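Q: One structure is given below, represented as structure tokens, and several questions about it will come after.
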Amino acid sequence: MSGSAPNFSLQGRKALITGSSQGIGKALAHALALSGAEVILNGRDTVKLDVAVAELRAEGLAITGCPFDVTSERDVSAAAKTIGAIDILVNNAGIQRRSSLVDMSLADWETVISTNLTSAFLVSRAFVPDMIESKAGKIINICSLMSDLARPTTGNYAAAKGGLKMLTRAMCGEWAQHNIQINGIGPGYIATELTAPLMADEKFDSWIKGRTPAGRWGDVSDLTG
Numbered sequence: 057m058s059g060s061a062p063n064f065s066l067q068g069r070k071a072l073i074t075g076s077s078q079g080i081g082k083a084l085a086h087a088l089a090l091s092g093a094e095v096i097l098n099g100r101d102t103v104k105l106d107v108a109v110a111e112l113r114a115e116g117l118a119i120t121g122c123p124f125d126v127t128s129e130r131d132v133s134a135a136a137k138t139i140g141a142i143d144i145l146v147n148n149a150g151i152q153r154r155s156s157l158v159d160m161s162l163a164d165w166e167t168v169i170s171t172n173l174t175s176a177f178l179v180s181r182a183f184v185p186d187m188i189e190s191k192a193g194k195i196i197n198i199c200s201l202m203s204d205l206a207r208p209t210t211g212n213y214a215a216a217k218g219g220l221k222m223l224t225r226a227m228c229g230e231w232a233q234h235n236i237q238i239n240g241i242g243p244g245y246i247a248t249e250l251t252a253p254l255m256a257d258e259k260f261d262s263w264i265k266g267r268t269p270a271g272r273w274g275d276v277s278d279l280t281g
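Heads up: the sequence shown begins at 57 in our numbering, then just goes up one per residue.
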């Protein structure tokens with residue numbers, strides 16, 4: 057990953073990124089920390105989280121880990137008390153459970169909606185009061201190309217990401233008056249652990265590369281500018 061922009065500093069700012077022990081979340085954590093922010097990584101897998109924290113700390117970055125379940129109201133509330141006020145929140149936690157709608161289990165539907173959509177509501181609701189009080193804050197919701205499009209076997213994911221796009225707008229409607237900036241980012245097809253099954257599909261892989269001007273999958277570093 058490349059270094060930070062020389063004239064961009066987040067010194068003295070504290071950021072929380074959900075789902076950041078790997079993939080997009082980890083790349084964003086690296087970029088924010090390079091720019092001087094104190095970054096809190098989050099994930100449910102404590103082994104992966106500890107490895108990610110150790111890797112970034114080895115670069116001399118201000119990184120800590122906070123393992124909590126972003127879909128649990130109780131866990132989120134406890135984490136907010138432990139972490140305290142933050143300046144930047146990135147709602148990145150996400151999973152995928154692929155299936156046709158007719159064959160999709162209710163459990164797979166609810167798990168994807170809870171992780172990709174409800175978590176952003178729970179975490180934002182827990183941390184925004186301090187932002188409102190200080191009249192400052194940034195919230196970034198990692199939406200998706202699927203916020204506007206859909207493909208077979210991704211109905212639950214598309215519904216969640218479409219909902220996250222509208223939640224972002226709802227947050228703006230309520231919190232912008234408190235000088236809190238809320239934005240949604242909609243990445244396309246990025247090479248991560250989540251998209252590994254698609255990358256392994258030769259036909260789909262060729263389709264992605266053929267429709268993309270760069271002729272490749274997106275890299276997590278593409279999102280760190």
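For glycine and all other residues, C-beta sits at the position ideal for the given N, C-alpha and C.
Fair warning: this is a prediction, and the values are worked out from it, not measured in the lab.
Give the DSSP-derived three-state secondary structure of E249 in the structure shown.
A: If DSSP states are grouped into helix, strand and coil, E249 belongs with coil.
Q: Can you give the Cα-Cα distance for R240 and T251, rounded to whole angstroms?
A: Strictly speaking, residue 240 in this sequence is Gly, with Arg absent from that position. The straight-line gap from Cα to Cα measures roughly 20 Å.
Q: Give a yes or no on contact between the segment 104-122 and the segment 159-171, applying the rule of three or more CB pairs nearer than 8 Å.
A: Short answer: they don't touch.
Q: Does the beta-carbon of G116 have 16 or more other beta-carbons within 10 angstroms, so that it is buried, or is it exposed?
A: Counting Cβ neighbours within 10 Å, G116 comes out exposed, since fewer than 16 surround it.
Q: So what does DSSP say about M202, is it helix, strand or coil?
A: Three-state result, M202: helix.
Q: Would you mind working out which of W273, I198 and A182 sits nearest E129, comparing C-alpha positions?
A: When only C-alpha atoms are compared, the closest one is A182.
Q: Give the range of the beta strand (DSSP E) segment to which G121 is assigned.
A: That run of the beta strand (DSSP E) goes I119 to C122.
Q: Based on Cα-Cα distance, which residue from A85, A89, L90 and G92 lies nearest to N98?
A: For the residues A85, A89, L90 and G92, the minimum Cα distance to N98 belongs to A85.
Q: Taking K259 as part of the alpha helix (DSSP H), name the residues at either end of that continuous run.
A: Unbroken alpha helix (DSSP H) run through K259: E258 to R267.
Q: For the segment 258-270 against the segment 205-219, are there 3 or more C-beta pairs whose distance is under 8 Å?
A: Result no; under three Cβ-Cβ pairs closer than 8 Å.
Q: Counting only runs of 4+ residues fully inside the segment 154-229, write out the alpha helix (DSSP H) ranges in chain order.
A: 162-169 and 175-190, all fully within the segment 154-229.
Q: Considering only C-alpha positions, which residue in the set G92, L72, G75 and A83 is nearest to F64?
A: That would be G92, whose Cα lies nearest to the Cα of F64.
Q: Under the rule that 16 or more other beta-carbon atoms within 10 Å means buried, what is Q67, buried or exposed?
A: So Q67 ends up on the exposed side.
Q: Report the partner residues of V146 according to the DSSP bridge assignment.
A: Answer is I73 and I196.
Q: DSSP beta-bridge partners for E111?
A: Answer by DSSP bridge pairing: none, since E111 is not bridged.
Q: For T224, is the classification buried or exposed, using 16 other Cβ atoms within 10 angstroms of its Cβ as the cut-off for buried?
A: Answer is buried; the Cβ neighbour count reaches 16.
Q: What did DSSP end up calling L97 once you bin it into helix, strand or coil?
A: If DSSP states are grouped into helix, strand and coil, L97 belongs with the strands.
Q: So, helix, strand or coil for Q233, using DSSP?
A: Helix.
Q: What does the Cβ neighbour count give for T248, buried or exposed, with the cut at 16 atoms within 10 Å?
A: Buried: at least 16 other Cβ atoms inside 10 Å.
Q: With 16 as the cutoff for other CB atoms within 10 Å, does N235 come out buried or exposed?
A: Exposed is the call here.
Q: Between A118, G75, E94 and R207, which has its C-alpha nearest V104's C-alpha?
A: The residue asked about is misnamed: residue 104 is Lys in this sequence, not Val. It is G75 whose Cα lies nearest to the Cα of K104.
Q: Between A136 and the rest of its own chain, which residues show a CB-CB distance below 7 Å, the 5 nearest in sequence each way excluded?
A: Correct list, in chain order: A182 and F183.
Q: For T127, count the other beta carbons within 10 Å of its own beta carbon; 16 or more makes it buried, fewer makes it exposed. Which is it?
A: Counting Cβ neighbours within 10 Å, T127 comes out buried, since at least 16 surround it.
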